Amino acid sequence: MEKITLSNGFRILLEPVDWARSATMGIWVGSGSRYETPQTAGVSHFIEHMLFKGTARRSALAIAEQMDEIGGALNAYTTKEYTCFYARALDRHVGTAFDILCDMLTQPALAEKDMQTERSVILEELHMYEDSPEDLCADNLYAGVWQGDMLASNILGDRKTVASLTAEDLKAHMRRYYTPERMVAAVCGRFDRDEIVHLCEEYFGAMINTGNPVDAGPAPYRRCVALRRKDFEQTQLALAMPGISAQDERRFAMRLLMSVLGTSSSSRLYQRIREELGLVYEIESFSASYLEAGILGVDMALSPHNEKKALQEVFRIVNGFASSLTRRELARAKEQYLSGLIMNLESTQARASQMGRGELLYNEVKSADEIMERVRAVTLDEVRALAGEFLRFDQLSISAAGRVKKEKFYEEQLLMARE
79 MEKITLSNGF RILLEPVDWA RSATMGIWVG SGSRYETPQT AGVSHFIEHM LFKGTARRSA
139 LAIAEQMDEI GGALNAYTTK EYTCFYARAL DRHVGTAFDI LCDMLTQPAL AEKDMQTERS
199 VILEELHMYE DSPEDLCADN LYAGVWQGDM LASNILGDRK TVASLTAEDL KAHMRRYYTP
259 ERMVAAVCGR FDRDEIVHLC EEYFGAMINT GNPVDAGPAP YRRCVALRRK DFEQTQLALA
319 MPGISAQDER RFAMRLLMSV LGTSSSSRLY QRIREELGLV YEIESFSASY LEAGILGVDM
379 ALSPHNEKKA LQEVFRIVNG FASSLTRREL ARAKEQYLSG LIMNLESTQA RASQMGRGEL
439 LYNEVKSADE IMERVRAVTL DEVRALAGEF LRFDQLSISA AGRVKKEKFY EEQLLMARE
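Residue numbering for the sequence shown follows the numbering used here, starting at 79 and increasing by one per position.
1. Taking the alpha carbon of S323 as the point to measure from, which residue in S365, G289, A138, G340 has its own alpha carbon closest?
2. In terms of DSSP beta bridges, what is N384 paired with?
3. For I125, does the count of other Cβ atoms within 10 angstroms reach 16, so buried, or fall short, so exposed?
4. Pick out the complete alpha helix (DSSP H) segments inside the region 443-496, 4 residues or longer, and give them in chain order.
5. Going by DSSP, which residues form a beta bridge with W106?
6. Who pairs with F364 in a beta bridge, going by DSSP?
7. Mapping DSSP to helix, strand and coil, what is Q314?
8. For the putative contact between Y255 and C180, defined by C-beta atoms under 8 Å, what is the C-beta separation to the nearest angstrom?
9. Suppose you measure from the CA of A77 to the CA of Q491; what does that come to, to the nearest Å?
10. Scan the region 286-340 and note each continuous beta strand (DSSP E) run of 3 residues or more that stays entirely inside, going in chain order.
11. Is the beta carbon of Q312 sitting closer than 8 Å to the one on L380?
12. Starting from N153, trace the beta strand (DSSP E) both ways and give me its first and last residue.
13. Using beta-carbon positions only, say whether R307 and V95 come within less than 8 Å of one another.
14. So L305 and E485 are in contact, right, with Cβ under 8 Å, and what is the actual spacing, rounded?
15. Determine the direct distance from the alpha carbon of Y488 to that of R462, and round the result to whole angstroms.
16. With distance defined between alpha-carbon atoms, name the residue in Q144, S85, I82, L204 nearest to T120.
17. Considering only their Cβ atoms, is the gap separating T118 from D247 smaller than 8 Å?
18. List the residues that DSSP assigns as beta-bridge partners of G267.
19. If we count the other Cβ atoms within 10 Å of its Cβ and call it buried at 16 or more, is W97 buried or exposed?
20. May I ask you to list the residues that DSSP assigns as paired with S137?
21. Say the cut is 7 Å; is the CB of R197 nearer than that to a heavy atom of the ligand FMN?
22. How would you write the range of the beta strand (DSSP E) that I82 sits in, first residue to last?
23. In the DSSP output, which residue or residues are listed as bridge partners for P186?
24. What number of angstroms, rounded off, separates the C-alpha of M319 from the C-alpha of Q144?
25. To the nearest angstrom, how far is it from the Cα of V376 to the Cα of S344?
26. Do M193 and L129 have their C-beta atoms within less than 8 Å of each other?
27. If you follow the alpha helix (DSSP H) that Q414 is in, where does it begin and where does it stop?
28. So, with DSSP's three-state summary, where would you put A167?
29. Look at L92 and I274 and say whether their C-beta atoms are less than 8 Å apart.
30. Applying the criterion that 16 or more other CB atoms from any shown protein chain within 10 Å of the CB defines a buried residue, is P211 buried or exposed?
31. Can you list, in chain order, the residues of its chain whose CB lies under 8 Å from that of K387, leaving out five sequence neighbours each side?
32. Which same chain residues end up closer than 6 Å to G321 when comparing Cβ atoms and leaving out the 5 residues on each side of it in sequence?
33. Do L334 and V456 have their CB atoms nearer than 8 Å?
34. Sort L419, A221, K249, M494 by Cα distance to A297 and report the nearest one.
35. Sort D213, S401, M332, P258 by Cα distance to I286 and report the nearest one.
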């Protein structure tokens, strides 16, 4: 991989792949819901939508038609910590696709009439989100454990903020966060190196570095019970405890811990609670890590009458995990991790994503060999120590969405877990 940094701090990552006949290209921007305010919640996601609505050179229709004419694919997504705009195209059309991407990010029209159209689209997206038990449960959990920090905010914003955002709000946010020190371009596959570098210099080279690099302070964890009654067939439950940040050197050990506990079909939670007892439709452990913040836990979908028994089983399994983890389980988790890593990184899209996100958030891009070495080096004692430190119930939180019971029921379950 080659890294080029323009004089203003804009970074370009290039990884040629000889056997490829296409390339994935993307631009990662340090703009996400974490960098908003309660008054502008959802502005990063709104900008993502608006950048497809035309530029000074291209209408929204022209963007769509030109990408279709070369048989390419164009898309974007917004997270809590960044926004990504990306495209895929055959090698002979990479320059055209990348030119469209660069044009969208540097010369968006942001017309008021388009704002009204996209506002309606985003409000419909919010309606869809409220029909998803998984999304509601997770978002209510984040809102509770990170109350008072923008990590608690829904990436889409809410109806009030989406309805009030103006074109000037979007422009002001872009002036602050769409800056060269908060942007990374990554291209992987078959492409013309000089063409990519030239386009980056042409579109981004004159931007002013504002001295506002990607950075975030700690987000304090708060214990919570978050309940949302909805007419779903099942109840979605999520348990959470303080976790590790994305920069923590123990993240590889944590990934293995989560695999053994509940992210694979052979995991303890899945085998016991789903396969043996049939108490849930789905269950998995999770670790959500961000800059200087993180949580871990278990989520599941189940019928209301199974909640108490399922929670008791989860508490029992988690409570005894640190002392009972075996070498065989760890070896299996390592093989799953490494196999998934290698197969995933054979995709130019996955590789470009790893490059762009790693450079933007952590100022480093680890090679597959480096990651494999780190995973193989994790010991049984390390994972056991990590489990002993973090799989604790003294700060246990719970979120439920669906046909939820009264808060007293969930408080009683948490109290039993802590005893």
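Note that CB positions come from ideal geometry on N, CA and C, so glycine has one too. All figures in this text were calculated on a predicted structure; none of them were measured in a lab.
A quick look at the data gives this:
1. Distance check between S323 and each of S365, G289, A138, G340 places S365 closest, using alpha-carbon atoms only.
2. Paired residue(s): none; N384 is not in a bridge.
3. Buried, by the Cβ-count rule.
4. With a minimum length of 4 residues, the continuous alpha helix (DSSP H) runs that stay inside the region 443-496 are 446-455, 458-468, 485-496.
5. In the DSSP output, where bridge partners are listed per residue, W106 has C162, V262.
6. Note: F364 sits in a beta bridge opposite G375.
7. Q314: strand per DSSP, three-state reduction.
8. Cβ-Cβ separation between Y255 and C180: approximately 17 Å, too far for a contact (criterion under 8 Å).
9. Summary: the structure shown does not reach residue 77, with the chain confined to residues 79 through 497, and so no result is reported for it.
10. Along the region 286-340, the beta strand (DSSP E) occurs as fully enclosed runs of 3 or more residues at 303-307, 313-320, listed in sequence order.
11. By the CB criterion at 8 Å, Q312 and L380 fall inside the cutoff.
12. Taken as a continuous stretch (DSSP letters only), the beta strand (DSSP E) holding N153 covers 151-156.
13. No, the pair does not count as a contact, with Cβ atoms beyond the cut-off.
14. Between E485 and L305 the Cβ distance is about 6 Å, and since that is below 8 Å, they are a contact.
15. For the pair R462 and Y488, the Cα-to-Cα distance works out to about 28 Å.
16. Sequence inspection shows Gly at residue 120; the Thr mentioned does not correspond to that position. With distances taken between Cα atoms, G120 lies closest to L204.
17. Their beta carbons are under 8 Å apart, which means D247 touches T118 by this criterion.
18. G267 is bridged to P94, A101.
19. Residue burial is scored here from C-beta neighbours: W97 has fewer than 16 other C-beta atoms within 10 angstroms and is therefore classed as exposed.
20. Among the bridge pairs identified by DSSP, S137 is matched with G132.
21. The ligand FMN is absent from the structure shown, which contains no ligand whatsoever.
22. First-last of the beta strand (DSSP E) with I82: 80-83.
23. Answer by DSSP bridge pairing, in chain order: T133.
24. Going by the C-alpha atoms only, they are around 48 Å apart.
25. For V376 and S344, the gap between their C-alpha atoms comes out near 16 Å.
26. No; because the gap between Cβ atoms is not below 8 Å, this pair is not in contact.
27. Its alpha helix (DSSP H) spans residues 405-422.
28. In the structure shown, A167 sits in a strand (DSSP, three-state: E or B).
29. When the beta-carbon positions are compared, L92 and I274 come within less than 8 Å of each other.
30. That one is buried.
31. Within its own chain, the residues whose Cβ lies closer than 8 Å to the Cβ of K387, once the five positions on either side in sequence are excluded, are L355, L357, listed in chain order.
32. S365, G372, I373, L374, listed in sequence order.
33. Yes.
34. Relative to A297, the option among L419, A221, K249, M494 whose CA is nearest is A221.
35. Among D213, S401, M332, P258, the Cα nearest to that of I286 belongs to P258.
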